[in-house]
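Participant: I'd like to ask you about the structure that follows.
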Amino acid sequence: MASLERITIAPHLTFDALVAGQPGAPLVLLLHGFAESFHCWRAQLTALADMGFRAVAPSQRGYSPLARPDPKDHPSYHIDRLMDDAMAIVASCGYGDKRFHLAGHDWGGSIAWALADRHEARLASLTVLSRPHPNAFNRALQMPDGEQARRSRHHTAFLELDAADHVLADDAKWLRERLAAAGVPPSAIEEHLSVLGNREAMEAALAWYRARGAIRSPLGPIRVPTLYIWGDADDTVGRAAAEGTRDFVAAPYRFEALAGVGHFAAEQAPERVSELMLEHLAAYPV
78 MASLERITIA PHLTFDALVA GQPGAPLVLL LHGFAESFHC WRAQLTALAD MGFRAVAPSQ
138 RGYSPLARPD PKDHPSYHID RLMDDAMAIV ASCGYGDKRF HLAGHDWGGS IAWALADRHE
198 ARLASLTVLS RPHPNAFNRA LQMPDGEQAR RSRHHTAFLE LDAADHVLAD DAKWLRERLA
258 AAGVPPSAIE EHLSVLGNRE AMEAALAWYR ARGAIRSPLG PIRVPTLYIW GDADDTVGRA
318 AAEGTRDFVA APYRFEALAG VGHFAAEQAP ERVSELMLEH LAAYPV
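Here is the structure:
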């Protein structure tokens, strides 16, 4: 079972984190996305700990009440700050000079790709769920068929000033329906709402989009052994972006398309995701 801990990396930056496994064991850092929370990794935390890993899933900047700069201060939510948080959390957990495994879903996947680009020497392996390599995503967005652009329309909606009101209206109806339609269990939805279901947290989560705007910066080729998991029923990421990710990984690469699985694969197919992750981590030890 994972335990809830607090990790302080700087004054006014204390993160809630779900932690499992023995201290000092090989570290796996798990970064959640939107519109979920660190609870999305609960199955993988247990599976990783059972196989001898130290698994840490932080509630990231803005999601943790004690790591929530003013959401109107967009530079505080720039992806560089989110990357800095991840590396500082690794150091605070006692792995400052050690290699570790990194996994990310959705926005956490975006951070994971960027960390692999910037800190490849620190990473033993990379696992990304749903979010394609940014270059593959940008390429798909520009395709004449407009498919990926249609799938990504909600990104622009999240930039609107009333986005939090819309997402939280009628007891978070939009969020509940979005997660339920993607196969997230009702109990998990309540866990995510315990983190995100208030105005302060939602504004901070949306600040990630507003800090980035509509631009997704290109990255270099990834030189870390990579596992990319995509559900072929994902309504936000099309096949062109998913399959095109292989063009931007210059390292051992495994692409797994999960039939009938949507955007939230770790919760819709937890056993398969855990199995794939464990195989990948075993192949590339720290």
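When the letters of the sequence shown are read in order and numbered with the working numbering, they come out as residues 78 to 363.
Heads up, the beta-carbon is just placed ideally off N, CA and C, and yes, glycines get one too.
1. Have a look at glutamate 356 and isoleucine 86 and give me their C-alpha separation to the nearest angstrom.
2. Determine whether the beta carbon atoms of proline 362 and alanine 201 lie at a separation below 8 Å.
3. If distances are taken between C-alpha atoms only, which option among Arg83, Glu320, Val314, Val301 comes closest to aspartate 194?
4. Are alanine 134 and alanine 191 closer than 8 Å when you measure CB to CB?
5. When the Cα atoms are used, what is the spatial distance from leucine 252 to glutamine 99?
6. Given this structure, state the Cα-to-Cα distance separating alanine 334 from arginine 316, to the nearest angstrom.
7. Can you find a C-beta in chain D that's less than 8 Å from the C-beta of phenylalanine 341?
8. Taking 8 Å as the cut-off, does the stretch 143-150 touch the stretch 112-120 (at least 3 CB pairs, one atom from each stretch)?
9. Where do the ends of the beta strand (DSSP E) carrying threonine 204 lie?
10. Per DSSP, what are the beta-bridge partners of tyrosine 172 in this structure?
11. Which residue from Glu237, Ala126, Ala102 puts its Cα closest to that of lysine 175?
12. Assuming threonine 204 contacts alanine 180 under a Cβ cut-off of 8 Å, what Cβ separation, rounded to an integer in Å, is found between them?
13. DSSP on alanine 291, reduced to helix/strand/coil?
14. Output yes or no for whether 8 Å exceeds the beta carbon distance between arginine 276 and leucine 236.
15. Per DSSP, threonine 85 is paired with what?
Facilitator: The structure says:
1. When rounded, the separation of the alpha-carbon atoms in glutamate 356 and isoleucine 86 is 31 Å.
2. yes
3. Val301
4. no
5. The straight-line gap from Cα to Cα measures roughly 35 Å.
6. The C-alpha of alanine 334 lies about 9 Å from the C-alpha of arginine 316.
7. Protein chains in the displayed structure number just one, and chain D is not present.
8. Under the Cβ criterion (8 Å, minimum of three pairs), the stretch 112-120 does not count as touching the stretch 143-150.
9. Segment 200-206, the beta strand (DSSP E) holding threonine 204.
10. According to the DSSP secondary-structure assignment, tyrosine 172 is paired through a beta bridge with no residue.
11. Ala102
12. 4 Å
13. Residue placement at alanine 291 is poorly supported in this model, since its pLDDT is 49, which falls under 50; the coordinates are not used for a value here.
14. The answer is no: Cβ separation not under 8 Å.
15. Thr91
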